[in-house]
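Residue numbers (the working numbering), protein chains in the order written: chain D, 1 to 209; chain W, 210 to 418; chain U, 419 to 750; chain H, 751 to 1082.
For glycine and all other residues, C-beta sits at the position ideal for the given N, C-alpha and C.
Owing to the predicted nature of the structure, the values given are computational and were not obtained by experimental measurement.
To keep things clear, I will list the structure first and then write my remarks on it.
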Amino acid sequence: MIDKNIFLRIINNLSDSIIENKELLNELDRPIGDSDHGSNMVRGFTEVKKKLENVKESDFSTILKTIAMALISTVGGASGPLYGTSFLKASGAVVGKEELDEKDIIAVYEAVIDGIKYRGKSDKGQKTMLDAIIPAYEAFKACVENGGDLKKASDEAQKAAAEGVEYTKTIIAIKGRASFLGERSIGHADPGATSSYIILKSIASVLNE
Amino acid sequence: MIDKNIFLRIINNLSDSIIENKELLNELDRPIGDSDHGSNMVRGFTEVKKKLENVKESDFSTILKTIAMALISTVGGASGPLYGTSFLKASGAVVGKEELDEKDIIAVYEAVIDGIKYRGKSDKGQKTMLDAIIPAYEAFKACVENGGDLKKASDEAQKAAAEGVEYTKTIIAIKGRASFLGERSIGHADPGATSSYIILKSIASVLNE
Amino acid sequence: MKKMINNSEGIVDEMLKGIVMAHPEYLKRVKGFNVLIRENSPVKGKVALVSGGGSGHEPSHGGYVGKGMLDGAVAGEVFTSPTPDQVFEAIKAVDGGNGVLLVIKNYSGDVMNFEMADEMADMEGIKVEKVIVNDDVAVENSTYTTGRRGVAGTVFVHKIAGAAAEEGRDLEEVKRIAQKVIDHTRTMGMSLGPCIVPDAGKPSFELEEDEIEMGLGIHGEPGTHRTKISSADEVTNYMIDKILEDMPVKPNEEVAVMVNGLGGTPLMELYIVNRKLNELLNEKEVKVAKTFVGNYMTSIEMPGFSITVLKLDEELKRLLNAVADTPAFKQL
Amino acid sequence: MKKMINNSEGIVDEMLKGIVMAHPEYLKRVKGFNVLIRENSPVKGKVALVSGGGSGHEPSHGGYVGKGMLDGAVAGEVFTSPTPDQVFEAIKAVDGGNGVLLVIKNYSGDVMNFEMADEMADMEGIKVEKVIVNDDVAVENSTYTTGRRGVAGTVFVHKIAGAAAEEGRDLEEVKRIAQKVIDHTRTMGMSLGPCIVPDAGKPSFELEEDEIEMGLGIHGEPGTHRTKISSADEVTNYMIDKILEDMPVKPNEEVAVMVNGLGGTPLMELYIVNRKLNELLNEKEVKVAKTFVGNYMTSIEMPGFSITVLKLDEELKRLLNAVADTPAFKQL
Ligand SMILES: Nc1ncnc2c1ncn2[C@@H]1O[C@H](COP(=O)(O)OP(=O)(O)O)[C@@H](O)[C@H]1O
Ligand SMILES: Nc1ncnc2c1ncn2[C@@H]1O[C@H](COP(=O)(O)OP(=O)(O)O)[C@@H](O)[C@H]1O
Ligand SMILES: [Mg+2]
Ligand SMILES: [Mg+2]
Ligand SMILES: [Mg+2]
Ligand SMILES: [Mg+2]
């Protein structure tokens, strides 16, 4: 069960993880993009941390919506609308909840993936953040269906995301800026998949505390 | 005595010396100028060599005038009008001559120096070509007055020009592009003085053949 | 990184202030936003044009705000699409009641952020239409992928659609004309070296002394391939061939061309390229009706250039030749 | 040396060809010479303006040939004053019977070559007057030395004297006005790195990653001193102080300013500088009546910029605001 306390720790923790990884994400965006994915995400999650102060007492849905709006209005680039839409959809998936269980998380995953697919007109196998998030979702769901708990499922999700990042190295980019490179995009990990992995890893680590 | 044959050898030889020293002169013009003195002079003396073909049979004055016009219309920069004017004035100093003796050369020197001073509004001690030419003239004249012959006097002139170049390293530029540098022009030889020295050296070497 | 800046966070804000201070007779800033609009916005009874994108392409897009071109320009962070609220603010500030055309360069980020702004405007009842510029022939075209980038050809869209709006055409017409420009415009770019995104602080890529990057866009991203440097004439030849392969131009057809500097290449070299470009088009009996040489769509301080060809018909030609008065594009 | 050229000897010729091909509605070349003149030269009944100098300062000077500015521009080799016969050819080609004003930048080479051309024109009975631009405050002034360099302020002389000539003023008047602009103009420049003269093939100087060169001109020559790089604001502050020390401007006096890029510095940085420049002048209650930001007088691909201040009176202001139509300077 994710209660309010854990939830806020998760948000804070994932924001910090993104902020710590600014250079890494910019670096990954250099060979196949425009070197700004780290800067973009850090702008967003710095704002998230600020805005979070004002809504700490609110419900999950309001908090997630606040995060979404913070990201939409500060990140820019491709990742801004995508992560922004994800959090907005997640917010819709948790309306009225006081705690989140495994099923709720599955619903959140589905909302997030739908949101990205809709906004990005993209799908898995195109060398984007979906290549980290979709495998993570599948692993999470499979683990829960096999009786795994939140902790276990989050670990599995994290591992799958990591593998997803590795997988992005092997494929040609079809969507996003890296797609302009064609064949030359092979061999490089997708920065957005990596930031998604960083977020999922940070969630798992809070749940494992 | 400088007869027509020697004269033509001198012109050819000094043109070649300038052409060979393009890089050196550009290099000298780099720290205190705009890196083009070699390129400028080479443009000029390449044209001189071309034009010389048509006037080989003419008198000294016509040849020198032709050289002057070639330099004026191809060198540009500060050195173009200055060397151009020098040769023009030299041409005026040898009208009607079939051979040039020591006295004639002294007259040529004086015409050249007058020409540069007039065109450049400059004088010695200002870190220009005059700091090679004026000492050379003085040494040449002194040597002749002491009974030295053309060979000897040209050697003395060449040595004095070399010392003049050394001297330009010790002084602030007052005229020309290097003057903009003020104190920072100290420590560098003047490119124009160096090209004058190269010319005088090449004259001496032909006379010593 | 050696730049005349103060700190990388303040860059866009300070730059916009500098632009407004330089050109108060042309434009003003929407308070609190990175949006430049015409000094007399909104212009009643005229379709308004809004463009924008990441910063670092100056004079694009703020430099084209003015009579006969844009009504509003939205500036994102360097090489980062602006956020939807910024674009929405621009739309609101310039709408004169006849609707707004968004001129978007084809990047996932630009498209999505502008799209979200469109959705916001929709909720407020503002008529908004969009065109997506994708003139870069270096990228393979396909409906399945992101498709081609929008690069220097965007300036032709601003100019011609801007002239159409100035003439009083309605939104549908302005959009039709903008789309016609896009359909008739192709660009190819090359680079002699990287640029440095201030916040990243490092060169976008590295090239050897004798290497050039061919077919790259305007964000320091690598191009289609790397090759040994050759003469301006050979490079120009290669680039115009790529363009004409993609969009054949027949003898006696008229074109406008743009030799666009990416920021670090001097006019001297751009004109040398233009000479060869002109000669090659002459050989093919293509008529060059108008030529633009200069820094129109840059990539910060990148050395390199692009060539754009716009195929003209009477309508496009007339609108291209119409009066324009903006900080960076003036035509008497 | 990495440049988009063919070979260093052909540069000026190929560049001039490229300029003429790009702007045939503005200018043409005097056959066999490196001289660009107005397409409709000579303009009868108008005093003609001729300027020029070494190449490498594009768009100076060819880009300013057109209505309201120059009649002729003479292009020397890169950074090398043009020869007298070239200047003479320009004078002959543009003289409309009312005389010719030569606008010369104060370099020994330019002064001597233009002077010789003047002597040649004199022999042909063409009325010629000269002004010598020396706006660079970095160089100490003295009648005993060469004096100050002519740098970006030259563009103001072209603009204002050009407008006076266009109005139909006579040679003496045009010269008086040109000299007034010179007397009221001061410039200071700085650089972040060298440029490369194509024929030399090597950088004009070397700077460490954290060093800048202060007070340099437009020929890659070193400046007054080398210093650690600091913020755009500090550098701007230092430069405007130097200018105003030399030419004090009182509260409520009006000025025009130019933030001129040397070729390799992006507009982004020039606007950031302009922001601070404006703030500083505002603090001193100096009124900025007009601002120019861009590459007006470059030093090939050098990164760096200069600031120019022109003190205005009613006459100068009116002429500065007059219509101009040239490839690189247009004013509606
Ligand atoms: N259409 C899309 N669908 C899903 N993800 C996308 C799409 N386009 C881009 N991305 C993701 O966005 C990341 C790049 O984000 P960022 O660098 O912040 O934006 P930009 O590409 O505009 O500079 C990519 O690595 C990719 O994961
Ligand atoms: N007023 C002058 N009088 C004499 N010599 C001069 C004068 N001005 C410049 N020079 C000479 O010209 C040389 C520079 O020539 P060059 O590099 O070809 O021209 P520029 O300085 O125009 O680039 C200087 O080294 C100096 O010797
Ligand atoms: Mg990016
Ligand atoms: Mg020189
Ligand atoms: Mg980006
Ligand atoms: Mg020179």
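Short CB-CB distance (under 8 Å) between residue i and chain U
i                       : result
residue 72 of chain D   : yes
residue 1048 of chain H : yes
residue 765 of chain H  : yes
residue 174 of chain D  : yes
residue 5 of chain D    : no
residue 36 of chain D   : yes
residue 78 of chain D   : yes
residue 208 of chain D  : no
Near ligand 2: residue i beta-carbon under 7 Å from a heavy atom
i                      : result
residue 442 of chain W : Coverage of chain W is limited to positions 210 through 418, which leaves residue 442 of chain W absent and any answer about it impossible.
residue 830 of chain H : yes
residue 325 of chain W : yes
residue 400 of chain W : yes
Any non-hydrogen atom of ligand 1 closer than 7 Å to residue i Cβ
i                      : result
residue 525 of chain U : yes
residue 177 of chain D : yes
residue 121 of chain D : yes
residue 21 of chain D  : no
C-beta contact flag for residue i and residue j at 8 Å
i                       : j                       : result
residue 465 of chain U  : residue 540 of chain U  : no
residue 836 of chain H  : residue 785 of chain H  : yes
residue 916 of chain H  : residue 818 of chain H  : yes
residue 21 of chain D   : residue 198 of chain D  : yes
residue 707 of chain U  : residue 581 of chain U  : no
residue 1036 of chain H : residue 1009 of chain H : no
residue 772 of chain H  : residue 851 of chain H  : no
residue 484 of chain U  : residue 743 of chain U  : yes
residue 383 of chain W  : residue 335 of chain W  : yes
residue 346 of chain W  : residue 318 of chain W  : yes
residue 906 of chain H  : residue 1058 of chain H : yes
residue 493 of chain U  : residue 430 of chain U  : yes
Below-8 Å beta-carbon distance, residue i vs any chain W residue
i                      : result
residue 773 of chain H : no
residue 868 of chain H : no
residue 947 of chain H : yes
residue 862 of chain H : yes
residue 826 of chain H : yes
Residue i Cβ short of 7 Å to ligand 6 heavy atom set
i                      : result
residue 293 of chain W : no
residue 389 of chain W : no
Check: residue i C-beta below 7 Å from any heavy atom of ligand 3
i                      : result
residue 743 of chain U : no
Interface flag, residue i vs chain H, CB-CB below 8 Å
i                      : result
residue 390 of chain W : yes
residue 689 of chain U : yes
is_contact[residue i, chain D] using C-beta, thresh 8 Å
i                      : result
residue 637 of chain U : yes
residue 664 of chain U : no
residue 558 of chain U : yes
Any non-hydrogen atom of ligand 4 within 7 Å of residue i CB
i                      : result
residue 286 of chain W : yes
Heavy atom of ligand 5 within 7 Å of residue i beta-carbon
i                      : result
residue 472 of chain U : yes
Q. Using 8 Å as the Cβ pair cut-off and three pairs as the minimum, do the stretch 453-462 of chain U and the stretch 709-727 of chain U touch?
A. No: the two stretches stay apart, fewer than three of their Cβ pairs being nearer than 8 Å.
(Q) I want to know whether the stretch 359-372 of chain W touches the stretch 244-259 of chain W - three or more CB-CB distances under 8 Å. (A) Result no; under three Cβ-Cβ pairs closer than 8 Å.
Q.
Does the contact criterion of 3 or more C-beta pairs under 8 Å hold for the stretch 21-39 of chain D versus the stretch 54-72 of chain D?
A. The count of Cβ pairs closer than 8 Å, one atom from the stretch 21-39 of chain D and one from the stretch 54-72 of chain D, stays below three, leaving the stretches out of contact.
Q: Tell me, please, whether the stretch 162-169 of chain D touches the stretch 96-112 of chain D by the rule of three or more beta-carbon pairs shorter than 8 Å.
A: Result no; under three Cβ-Cβ pairs closer than 8 Å.
Q: Please list the segments of the beta strand (DSSP E) lying wholly inside the stretch 73-110 of chain D, counting only runs of 3 or more residues, in order along the chain.
A: Counting only runs of 3 or more, we get nothing.
Q: Could I get the ranges of all uninterrupted alpha helix (DSSP H) runs contained in the stretch 978-1035 of chain H, with 4 residues as the minimum, in chain order?
A: 982-996 and 1017-1033, all fully within the stretch 978-1035 of chain H.
Q.
Whether or not the stretch 977-994 of chain H and the stretch 393-402 of chain W are in contact is what I'm after, with contact meaning three or more pairs of Cβ atoms, one per stretch, closer than 8 Å; do they touch?
A. The answer is no - the stretch 977-994 of chain H does not touch the stretch 393-402 of chain W, with fewer than three Cβ pairs under 8 Å.
**Q.** Heavy atoms of ligand 7 versus C-beta positions, residues under 5 Å
**A.** Absent from the structure shown: ligand 7. Ligands present: ligand 1, ligand 2, ligand 3, ligand 4, ligand 5 and ligand 6.
(Q) Quick check: the stretch 921-933 of chain H against the stretch 969-978 of chain H, are at least 3 beta-carbon pairs closer than 8 Å? (A) The stretch 969-978 of chain H is not in contact with the stretch 921-933 of chain H.
Q: Mind the definition here: the stretch 496-510 of chain U touches the stretch 596-605 of chain U only if three or more C-beta pairs lie below 8 Å; say whether that holds.
A: No, because fewer than three Cβ pairs between the stretch 496-510 of chain U and the stretch 596-605 of chain U fall closer than 8 Å, the two stretches do not touch.
Q: Enumerate, from N- to C-terminal direction, the unbroken alpha helix (DSSP H) stretches of 4 or more residues contained entirely within the stretch 13-58 of chain D.
A: Inside the stretch 13-58 of chain D, DSSP marks whole alpha helix (DSSP H) runs of 4 or more residues at positions 22-32 and 37-55, from first to last along the chain.
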